[in-house]
Amino acid sequence: MKRILYIIGISLTVLFLCLFLAMRIWCGQAIKENISIAKAQYGGTAEDALIAYLSDATHSPKDRTNLAIWTLGQIRSEKALPVLRGLFKDDPNGVTCKYNHRTVLCQYEIHKAIVSIEHGWLAAKEKNVFGSWARLNK
């Protein structure tokens, strides 16, 4: 019985690690794709291209939220903080944008991006490298 529990524990640990790695790979690919989309249209560094994409009102608010805001938060773009703060309307729960993502930028996503940039991964009190995609900001 003890051996079976040991095998189950090891199996669950391996499964968790595999899922974690798969998620990291998936997020990394999504970030790289978003950066390449923005760079193809605006050129320059990843930060500059994503900020330009976010500032361009010809893109839908949903695209600007999903592509630019999320990616800027993931790469922890200090340069984007003033732009994100200017778009933030003090609604960290996203009540004003609920079910309106086709017409307004998601306040919850803006809040998450600001917190990610200011405090690090998962709102940690100190910045850390674990979970950071800042290396993609080239």
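Numbers 102 to 239, taken from the numbering used here, label the letters of the sequence shown in order.
In this text, a Cβ means the ideal position worked out from N, Cα and C, and glycines have one as well.
Remember, predicted model here, so these are calculated numbers, not experimental data.
Next on the checklist: If I measure Cβ to Cβ from residue 134 and keep anything under 8 Å in the same chain, skipping five residues before and after, which residues do I get?
Outcome noted: By 1-based counting over the sequence shown, the position of residue 134 is 33. Taken in chain order, the list of residues that qualify is empty.
Checklist entry - Does the beta-carbon of residue 144 have 16 or more other beta-carbons within 10 angstroms, so that it is buried, or is it exposed? => result The residue given as residue 144 occupies position 43 in the sequence shown. Per the 10 Å Cβ criterion, exposed.
Next on the checklist: So the candidates are 121, 110, 203, 169; which of them puts its Cα closest to the Cα of residue 213?
Outcome noted: Translated into positions along the sequence shown, residue 213 becomes position 112. Minimum Cα distance to residue 213 is reached at 169.
Checklist entry - How long is the line joining the alpha carbons of residue 196 and residue 186, rounded to whole angstroms? => result The residue given as residue 196 occupies position 95 in the sequence shown. The residue given as residue 186 occupies position 85 in the sequence shown. Approximately 17 Å, taken between the alpha carbons.
Checklist entry - Whose C-alpha, out of 111, 216, 142, is nearest the C-alpha of residue 189? => result Sequence index remark: in the sequence shown, residue 189 carries index 88 (1-based). Proximity to residue 189 across 111, 216, 142 peaks at 216, based on C-alpha coordinates.
Item to check | Run of the alpha helix (DSSP H) containing residue 133, from where it starts to where it stops | outcome: Reading the sequence shown from its first residue, position 32 is the one you call residue 133. Looking at the DSSP string, the run of the alpha helix (DSSP H) that includes residue 133 is 103-143.
Next on the checklist: Under 8 Å: do the region 136-152 and the region 106-120 share three or more Cβ pairs, one atom per stretch?
Outcome noted: No: the two stretches stay apart, fewer than three of their Cβ pairs being nearer than 8 Å.
Item to check | Alpha-carbon to alpha-carbon, residue 103 and residue 198 | outcome: Sequence index remark: in the sequence shown, residue 198 carries index 97 (1-based). Sequence index remark: in the sequence shown, residue 103 carries index 2 (1-based). Taking the straight line joining both Cα atoms gives about 52 Å.
Next on the checklist: Using CA atoms only, rank isn't needed, just tell me which of 175, 156, 180 is closest to residue 130.
Outcome noted: Here residue 130 is taken as the residue at index 29 of the sequence shown, counted from 1. The residue with the shortest Cα to Cα distance from residue 130 is 175.
Checklist entry - Can you name, in chain order, every residue of its own chain whose Cβ lies under 6 Å from the Cβ of residue 173, other than the five neighbours on each side? => result Taking the first residue of the sequence shown as 1, we reach residue 173 at position 72. For residue 173, where only same-chain residues beyond five positions count, the Cβ hits under 6 Å are 151, 181, 214.
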